[in-house]
Amino acid sequence: AQTVTQSQPEMSVQEAETVTLSCTYDTSESDYYLFWYKQPPSRQMILVIRQEAYKQQNATENRFSVNFQKAAKSFSLKISDSQLGDAAMYFCACFNYGQNFVFGPGTRLSVLP
Amino acid sequence: DSGVTQTPKHLITATGQRVTLRCSPRSGDLSVYWYQQSLDQGLQFLIQYYNGEERAKGNILERFSAQQFPDLHSELNLSSLELGDSALYFCASSVIWGQGYNEQFFGPGTRLTVL
Numbered sequence: 002a003q004t005v006t007q008s009q010p011e012m013s014v015q016e017a018e019t020v021t022l023s024c025t026y027d028t029s030e031s032d033y034y035l036f037w038y039k040q041p042p043s044r045q046m047i048l049v050i051r052q053e054a055y056k057q058q059n060a061t062e063n064r065f066s067v068n069f070q071k072a073a074k075s076f077s078l079k080i081s082d083s084q085l086g087d088a089a090m091y092f093c094a095c096f097n098y099g100q101n102f103v104f105g106p107g108t109r110l111s112v113l114p
Numbered sequence: 111d112s113g114v115t116q117t118p119k120h121l122i123t124a125t126g127q128r129v130t131l132r133c134s135p136r137s138g139d140l141s142v143y144w145y146q147q148s149l150d151q152g153l154q155f156l157i158q159y160y161n162g163e164e165r166a167k168g169n170i171l172e173r174f175s176a177q178q179f180p181d182l183h184s185e186l187n188l189s190s191l192e193l194g195d196s197a198l199y200f201c202a203s204s205v206i207w208g209q210g211y212n213e214q215f216f217g218p219g220t221r222l223t224v225l
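These protein sequence lines map, in sequence, to chains D and Y.
Each residue of the first sequence is one higher than the one before, starting from 2 at the first, in our numbering.
Each residue of the second sequence is one higher than the one before, starting from 111 at the first, in our numbering.
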């Protein structure tokens, strides 16, 4: 079965600093996609960044970037220049056609002014 | 705004009752997914439909059922409700299942409270 693990239930970062959220996954599929979703207090699920497993280049979206280590099955999210609006729950997710979407348990990120 | 709509926003009911949650996917999206998020927990995949047919099943209880109609909207039916069914229920839609990249667009969720 496909699993996604986020070992940090809570993290905090000072405003304008950089923080890295960890995610590891396990899948037997060779073709899959990885995602980070943000869930602010409004509870809306917002896609932050995505990575295709077949691409070696790490995805980047403005202040958000990932460190994708395929062999280690690791997919961490780096948030640079953290802003107060980044405070939220962050979920790592893995998709493949056999197992559909599997989400990790989440990391609650606090941003300190 | 993701383009996915869910009604109602909030639902309060009693144990043993039955409720129906409704989801309208983004225009053009054929796939609909249902998720359950209990308090301070991750999302649990319940079920997926593609163009009216069930495609994948996750941790969905037998008391729960879903369907997707010809106009592609979907309904999640929850019956014999228990206190533990209180949760946020998300619907998400995507363009195509099984081909290439599938980004899911999430609705705002329906918060179900069972008293």
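C-beta: ideal position from N, C-alpha, C; glycine also.
Given the structure is predicted, the values throughout are model-derived calculations rather than measurements.
Going by the DSSP bridge assignment, what does residue i pair with across the sheet?
{"i": "GLU185(Y)", "result": "ARG132(Y) and GLN177(Y)"}
{"i": "TYR38(D)", "result": "LEU48(D) and PHE92(D)"}
{"i": "ARG221(Y)", "result": "HIS120(Y) and LEU198(Y)"}
{"i": "SER66(D)", "result": "THR61(D) and LYS79(D)"}
{"i": "ILE157(Y)", "result": "TRP144(Y) and LYS167(Y)"}
{"i": "SER203(Y)", "result": "VAL142(Y) and PHE215(Y)"}
{"i": "TYR26(D)", "result": "VAL5(D)"}
Hey, residue i and residue j are a contact pair by Cβ (cut 8 Å); roughly how many whole angstroms apart?
{"i": "GLN147(Y)", "j": "LEU193(Y)", "result": "Not a contact, Cβ separation roughly 16 Å."}
{"i": "PHE155(Y)", "j": "PHE102(D)", "result": "6 Å"}
{"i": "ASN48(D)", "j": "GLU213(Y)", "result": "This sequence places Leu at residue 48(D); Asn is not what is there. So it is a contact: roughly 6 Å between Cβ atoms."}
{"i": "PHE216(Y)", "j": "ALA202(Y)", "result": "5 Å"}
{"i": "GLN45(D)", "j": "THR108(D)", "result": "Incorrect: roughly 17 Å between the Cβ atoms, too far for contact."}
Please list, in chain order, all residues of the same chain as residue i whose beta carbon is under 8 Å from its beta carbon, the five residues on each side excluded.
{"i": "ASN97(D)", "result": "GLN3, THR28, GLU30, ASP32, TYR33 and TYR34"}
{"i": "THR123(Y)", "result": "VAL129, LEU191, LEU222, THR223, VAL224 and LEU225"}
{"i": "LYS74(D)", "result": "THR25, TYR26, ASP27 and THR28"}
So is residue i buried or exposed if we call it buried at 16+ other beta carbons inside 10 Å?
{"i": "GLN52(D)", "result": "buried"}
{"i": "PHE36(D)", "result": "buried"}
{"i": "ASP111(Y)", "result": "exposed"}
{"i": "SER141(Y)", "result": "buried"}
{"i": "GLN58(D)", "result": "exposed"}
{"i": "ALA60(D)", "result": "buried"}
{"i": "TYR91(D)", "result": "buried"}
{"i": "LEU149(Y)", "result": "exposed"}
{"i": "TYR159(Y)", "result": "buried"}
{"i": "LYS56(D)", "result": "exposed"}
{"i": "GLY152(Y)", "result": "buried"}
Go through its chain and collect everything with a Cβ distance to residue i's Cβ below 6 Å, but skip five positions before and after it.
{"i": "GLN15(D)", "result": "LEU113"}
{"i": "PHE174(Y)", "result": "LEU188"}
{"i": "ILE157(Y)", "result": "TRP144, LYS167, ILE170 and ALA176"}
{"i": "HIS183(Y)", "result": "SER134"}
{"i": "GLY162(Y)", "result": "GLN178"}
{"i": "ARG136(Y)", "result": "GLY113, VAL114, SER203 and PHE215"}
Considering only residues of the same chain and omitting the five flanking positions on each side of residue i, which have a CB-CB separation below 7 Å?
{"i": "PHE76(D)", "result": "CYS24, TYR26, LEU35, GLN52, VAL67, PHE69 and CYS93"}
{"i": "GLU18(D)", "result": "SER83"}
{"i": "PRO41(D)", "result": "ALA89"}
{"i": "ASP87(D)", "result": "ILE80, LEU110 and VAL112"}
{"i": "ARG64(D)", "result": "ILE80, SER81 and ASP82"}
{"i": "PRO118(Y)", "result": "THR220"}
Taking 8 Å as the line, does the beta carbon of residue i fall inside it for any heavy atom of the ligand GDP?
{"i": "SER148(Y)", "result": "With respect to small molecules bound, the structure shown includes none, and the ligand GDP cannot be examined in it."}
Say whether the segment 128-140 of chain Y touches the segment 211-222 of chain Y, bearing in mind that this needs 3 or more beta-carbon pairs closer than 8 Å, one atom from each stretch.
yes
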